[in-house]
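Asker:
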Amino acid sequence: MDSSSPEQPRKRKHKLPQKSIFLYFSFFLFIFFFCSSHHSFYSHPSLPSSTLTLPTPLHVHHRILFPDHLLLTLSNTKTIPSHLLHCVYFLNASPNPLLLPLLSTDRYDQFRSIARCPLPPTNFSAVDLTWRGMDHHLPLRATPHNWDKLVYEALLDNDTVVVFAKGLNLRPHRVSDATLFRCHFGLPNGAFLLTTNAVSAAQEVVRCALPQSIRNSPEKGRGISVSVSHVRGEGVIPSVARIGGCEKTGGVKEKMLELCACTMVWNQARAMREWVMYHAWLGVERWFIYDNNSDDEIDEVVRELEEKGYDISRVTWPWVKSQEAGFSHCVVRAKEQCKWVGFFDVDEFFYLKDMRRNGLRSMVGNFSSWNSVAEIRTGCHNFGPSGLTTHPNRGVGVGYTCRLRTPERHKSIVRPDLVDVSLLNVVHHFEVREGFEAINVPLSVAVINHYKYQVWETFKAKFLRRVATYVVDWKEEVNIGSKDRVPGLGTQPIEPGDWGFRFCEVWDTRLRDFLLSNFSHPQTGFLPWETPSP
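With the UniProt record's numbering, the residue at position 530 of the sequence shown is 530, and numbering never jumps.
Structure below.
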């Protein structure tokens, strides 16, 4: 009987079932404790690193074991300089822990910072952090999570939550059956108390309806833990995810930008200045840089570009081999800010028939009036080392001038509001909503110069790691003939004797000539991204 039905005359008392009393009590505790913890996260002061003192408590929430390092999440929202800390490994059958320096620390979200530690010894039993020179004690619940099966990220999107998870074993490049999945909500590091059904599922992304209590007040949902389960699985997947969302601007609605760009990088600081400055001239207004565990000078480069007036959001994305998920995350993050978002790499440069300031933005803007177009695809010309043996000091656009004759693949600029609810993508193009289409720009109108095969010093880094989820690492003896590999290169980072002139079928100096004619300083001759020698 519906709870709003009138009371029957013969019933003098109405008693709630014990199960209902338990659920009401649980929900009350959930809201009470979450509001308390939620307040503490936002009232935590942001202190400069110089004011941090050794007695500051270190609270490690989670430990995640990756193939090449160990990631720790901390409730300390201010990044602590890594030289002040030690990674502590407690070893089986040994009274003395092993202390090692940290690899790095970084900001993460509004609730946490992160620390990266070296891989632990095989005989370790627990891992923790400690201030250098201070005592260390065996932590509670210190066993690392396995990266192969873990819910790692979540964010609000209107009346849904988008959850990112490893270990779902869904088919790549396909939309899956959403009815097989559930989302679970609870206190940080506590029990899951609320459950909702999924509305879409694809690859590593599950989208679920929000519980009614959170839907009524989305801001109170930020910081809640969330996980996923399969209806025929083995229970709720372990989770380190807490619901986040795009930063608000105090109730003031930002003007929608015409064109933004999103990319994922690992140790690409050297390429950032040229890529950002050049595409800003073509009309890109905002950049979302997903930093996938870089240990170069990317912070300094981003800060320098911001000081010059470029609008850049560096997003800490510590999750290895998850580029497709990162781009799905970027679509949600950008759709309230940008009409169009380009997904292309920092070694990819647009070249237009009509090369003028804001030319790319104008081209994209023309498609805004085509109500059926949700994605613009541009073909790529792949350039080779062009006879060089060292990285070109003046930038890739000037240095690399020889390419393959036939274009390969494409990169996309999408309307984030018209991307399919599943957020399904194949690295650089997306599934769009039913009734909308992707169009191919003729090569005579626009093309992307992809400086894919650079000098060996730069190119060999691809053997260390690749960021895409469904692309095999080059050192693995799998899919040897795949187009994702370099023809004839094999699985070892050994430079071929003829590398300098491989992939050279057509000399193409159009972009080089344009840059030298239009970007060089009239007195010094320097390009804007060049750093003059001392």
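In this text, a Cβ means the ideal position worked out from N, Cα and C, and glycines have one as well. These figures come from a predicted structure and were not determined experimentally.
1. Considering only the alpha carbon of each residue, which of 449, 498 and 237 lies closest to residue 405?
2. Indicate the three-state DSSP secondary structure (helix, strand or coil) for residue 3 in the structure shown.
3. With DSSP as the reference, label residue 362 as helix, strand or coil.
4. How many Å lie between residue 224 and residue 155 at the Cα?
5. Do you know offhand how far residue 529's Cα is from residue 168's?
6. Please report the distance separating the alpha-carbon of residue 462 from that of residue 267.
7. What does the Cβ neighbour count give for residue 518, buried or exposed, with the cut at 16 atoms within 10 Å?
8. For residue 525 and residue 416, I'd like the C-alpha separation in whole angstroms.
9. What residue range is occupied by the uninterrupted alpha helix (DSSP H) comprising residue 458?
10. Use the C-beta contact count for residue 114: other C-beta atoms within 10 angstroms, 16 or more gives buried, fewer gives exposed.
11. One question on the structure: do residue 414 and residue 343 come within less than 9 Å of each other, judged by their Cβ atoms?
12. Residue 411: which of 396, 510 and 425 sits nearest, CA to CA?
13. Of the choices 88, 499 and 360, whose alpha-carbon is the least far from that of residue 445?
14. Could you spell out where the alpha helix (DSSP H) holding residue 399 opens and where it closes?
15. What's the C-alpha gap between residue 109 and residue 501?
16. Scan the stretch 153-208 and note each continuous beta strand (DSSP E) run of 3 residues or more that stays entirely inside, going in chain order.
17. Pick helix, strand or coil for residue 529, following the three-state DSSP scheme.
18. Who pairs with residue 340 in a beta bridge, going by DSSP?
19. Rounded to whole angstroms, what's the CA-CA distance from residue 474 to residue 435? Just pull it up for me.
20. Put residue 213 into one of helix, strand or coil per three-state DSSP.
21. Expressed to the nearest angstrom, what Euclidean distance is found between the alpha-carbon atoms of residue 443 and residue 144?
22. Flag this pair as touching only if the stretch 387-402 and the stretch 282-292 have three or more C-beta atom pairs under 8 Å; answer yes or no.
23. Around the C-beta of residue 327, are 16 or more other C-beta atoms found within 10 angstroms, so that it is buried, or is it exposed?
24. My understanding is that residue 505 touches residue 356, with C-beta atoms under 8 Å, so please give their C-beta distance in whole angstroms.
25. Beta-carbon separation of residue 161 and residue 210 under 9 Å?
26. Is it the case that the Cβ atoms of residue 72 and residue 64 are separated by a distance below 9 Å?
27. Does DSSP put residue 275 in a helix, a strand or coil?
28. Can you give the Cα-Cα distance for residue 311 and residue 458, rounded to whole angstroms?
29. Could I get the ranges of all uninterrupted beta strand (DSSP E) runs contained in the stretch 71-119, with 3 residues as the minimum, in chain order?
30. Buried or exposed: residue 370, going by 16 or more other Cβ atoms within 10 Å of its Cβ?
31. Applying the criterion that 16 or more other CB atoms from any shown protein chain within 10 Å of the CB defines a buried residue, is residue 494 buried or exposed?
Answerer: Reading from the atomic positions:
1. 449
2. Its pLDDT being 37, under 50, residue 3 is placed unreliably by the model, and the measurement read from it follows with that caveat. Three-state result, residue 3: coil.
3. In this structure, residue 362 counts as helix in the three-state DSSP scheme.
4. 10 Å
5. As the crow flies, the alpha-carbon of residue 529 is around 43 Å from that of residue 168.
6. 11 Å
7. exposed
8. 40 Å
9. 456-459
10. buried
11. yes
12. Restricting attention to 396, 510 and 425, the CA atom closest to the CA of residue 411 is found in 425.
13. Among 88, 499 and 360, the Cα nearest to that of residue 445 belongs to 360.
14. 396-399
15. 45 Å
16. 160-166, 181-186 and 192-202
17. coil
18. 259
19. Low local confidence applies: a pLDDT of 47 at residue 474 is under 50, so the model's placement there is unreliable, and no value is given.
20. helix
21. 50 Å
22. Because the criterion of three Cβ pairs below 8 Å is not met, the stretch 387-402 and the stretch 282-292 do not touch.
23. buried
24. Not a contact, Cβ separation roughly 29 Å.
25. Yes, these two residues count as a Cβ contact at 9 Å.
26. yes
27. helix
28. 27 Å
29. 85-91, 98-101, 104-107 and 113-117
30. exposed
31. exposed
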